[in-house]
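A.B. asks: Please see the structure below; I have some questions.
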Amino acid sequence: MRALVKTANGQGNLELRDVPVPPVESGEVLIHVRACGICGSDLRIQDGQHPCTPPVVIGHEFAGEIAELGAGVSTWAVGDRVVSEQHFKACGHCRQCLTGNAFACMSKRAPGYFSDGAFAEFISAPAWLLHRIPDNLNFVEAAFTEPSAVAAHGMLDRTGINPGDVVLILGCGPIGLVAAKMAQTVGASTVIITGIDRDEIARLPKARELCIEHVVNIMKEDLEGLVNRLTHGEGADVVIELSGAVPAISQSFQLARRLGRVGMIGQPPVEEVKIPYRQAMFRALTVSFSYSSKFTSWERALSLFERGAIKPSQFITHVLPLEEWSRGFNLSRSGEAVKVVLEP
Ligand SMILES: [Zn+2]
Ligand SMILES: [Zn+2]
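Structure (structure tokens):
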């Protein structure tokens, strides 16, 4: 089968190769991949700046159809339309696994990084990680579940939004945009989302199209002034950092109100980031860090899709065949695309 393989560490080393269809172990299903989204982390893998274990098939935001059942799988049938959580090889018996947090299991080998991923015709996945795709979604739309689950996990499960909150989302990539829409849906009184000049091509216009109340290009407008105006100088109830930009990380502490909540989801390109520690301390901020997602976040995302509160098609700007992966990566990188989905 055709698959996009990271062949070795370092810059580039990404190519379409013919590889064997993966074996189906006991407890797994073989999924015929019908759509797989390009993530910012795929671009970092291309740049040699994201950990992974080559040679490995990349791609993790996938949707498909069950093609074969492994031994002992009785709760799914061939032909079922599914998406999958990412906790491949989670042990099932550590504290994290037993408390529903398999995303943080030490044994986990996430597909597309540490085990073979889904920019390929087939992927094998553990049956216990699957979720059924609602009938109103096609495969391309369903491929947007993973990034939406990441938003739901970091913002709803770990940080929390209360009705009436003023929510500030820093960064307007696909996860920032869907988080902003999600914040509106769960009752935020006002949502502010930010971007930079490069985001004027597609992402800030998309935020306006999604009717996010305040869409701010921080290179042209005074974000702090706006937050103060909207909150009578108090600061935002909730700040969600999704840009991964070092200055934004530090700013997120300054733009939250006293006793406000700050959720860190964006991944900075460096190990250490300086933060205004005393300011955070004397505002008594609650700070939560987050990565990946869990069962509840997938169910929340799928339920929002199913009842039409969030429409994944609004975030997907390009659908390309797998053969055009390189064009897809460039569209994501340049900011011309919001979400690009490849069809193997
Ligand atoms: Zn992703
Ligand atoms: Zn475990």
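So for the sequence shown, my numbering puts the first residue at -11; every next one is plus one.
In this text, a Cβ means the ideal position worked out from N, Cα and C, and glycines have one as well.
Note that the structure is predicted; figures quoted are calculated from it, not measured.
Helix, strand or coil: which one does DSSP assign to V334?
C.D. replies: Lying before the first or after the last residue shown, residue 334 is absent from the chain, which here runs from -11 to 332.
A.B. asks: Between T63 and N216, what straight-line distance do the alpha-carbon atoms span, to the nearest angstrom?
C.D. replies: Indexing the sequence shown from 1 puts residue 63 at position 75. Indexing the sequence shown from 1 puts residue 216 at position 228. Rounded to whole angstroms, T63 to N216 spans 52 Å at the Cα level.
A.B. asks: Look up P235 in the DSSP assignment and say whether it is helix, strand or coil.
C.D. replies: Along the sequence shown, one-based indexing puts residue 235 at 247. Here P235 sits in helix by DSSP.
A.B. asks: Any heavy atom of ligand 2 inside 7 Å of the beta-carbon of C40?
C.D. replies: As a working mapping, residue 40 is identified with position 52 in the sequence shown. Result no, Cβ not under 7 Å from ligand 2.
A.B. asks: Would you say the beta carbon of H141 comes nearer than 7 Å to a heavy atom of ligand 1?
C.D. replies: Walking along the sequence shown from the start, residue 141 turns up at place 153. The answer is no for H141.
A.B. asks: Quick check on L33: does DSSP put it in helix, strand or coil?
C.D. replies: Residue mapping note: residue 33 aligns to position 45 of the sequence shown, counting from 1. Strictly speaking, residue 33 in this sequence is Ile, with Leu absent from that position. Note: I33 maps to helix in three-state DSSP.
A.B. asks: Using 8 Å as the cut-off, can you tell me whether the region 143 to 163 makes contact with the region 77 to 88, which would need three or more C-beta pairs spanning the two stretches below that distance?
C.D. replies: Touching, no, given that fewer than three Cβ pairs across the two stretches are closer than 8 Å.
A.B. asks: Considering only DSSP beta bridges, list what K327 is partnered with.
C.D. replies: In the sequence shown, residue 327 corresponds to position 339, counting from 1. BP columns for K327 point to I304.
A.B. asks: Hey, out of A98, H75, D6, R(-10), whose CA is closest to G88's CA?
C.D. replies: Taking the sequence shown and counting its residues from 1, one reaches residue 88 at position 100. Closest by alpha carbon: H75.
A.B. asks: Could you compute how far the alpha carbon of K208 sits from the alpha carbon of T133?
C.D. replies: The residue given as residue 208 occupies position 220 in the sequence shown. The residue given as residue 133 occupies position 145 in the sequence shown. Roughly 33 Å between the two C-alpha positions.
A.B. asks: Taking 8 Å as the threshold (C-beta atoms), are N150 and I184 in contact?
C.D. replies: On the sequence shown, position 196 is the one that residue 184 refers to. On the sequence shown, position 162 is the one that residue 150 refers to. No.
A.B. asks: Relative to the C-alpha of E358, which candidate in R5, H20, S14 has its C-alpha closest?
C.D. replies: No statement about residue 358 is possible, as the shown extent of the chain runs from -11 to 332 and does not include it.
A.B. asks: Heavy atom of ligand 2 less than 7 Å from the Cβ of G88, yes or no?
C.D. replies: Here residue 88 is taken as the residue at index 100 of the sequence shown, counted from 1. G88: no, Cβ never under 7 Å from ligand 2.
A.B. asks: Pick helix, strand or coil for T182, following the three-state DSSP scheme.
C.D. replies: The sequence position of residue 182 within the sequence shown is 194, counting from 1. Three-state DSSP puts T182 in a strand.
A.B. asks: Rounded C-beta distance between R271 and L243? I'm assuming under 8 Å.
C.D. replies: Indexing the sequence shown from 1 puts residue 271 at position 283. Indexing the sequence shown from 1 puts residue 243 at position 255. In fact, because the Cβ distance is near 10 Å, the residues do not count as touching under 8 Å.
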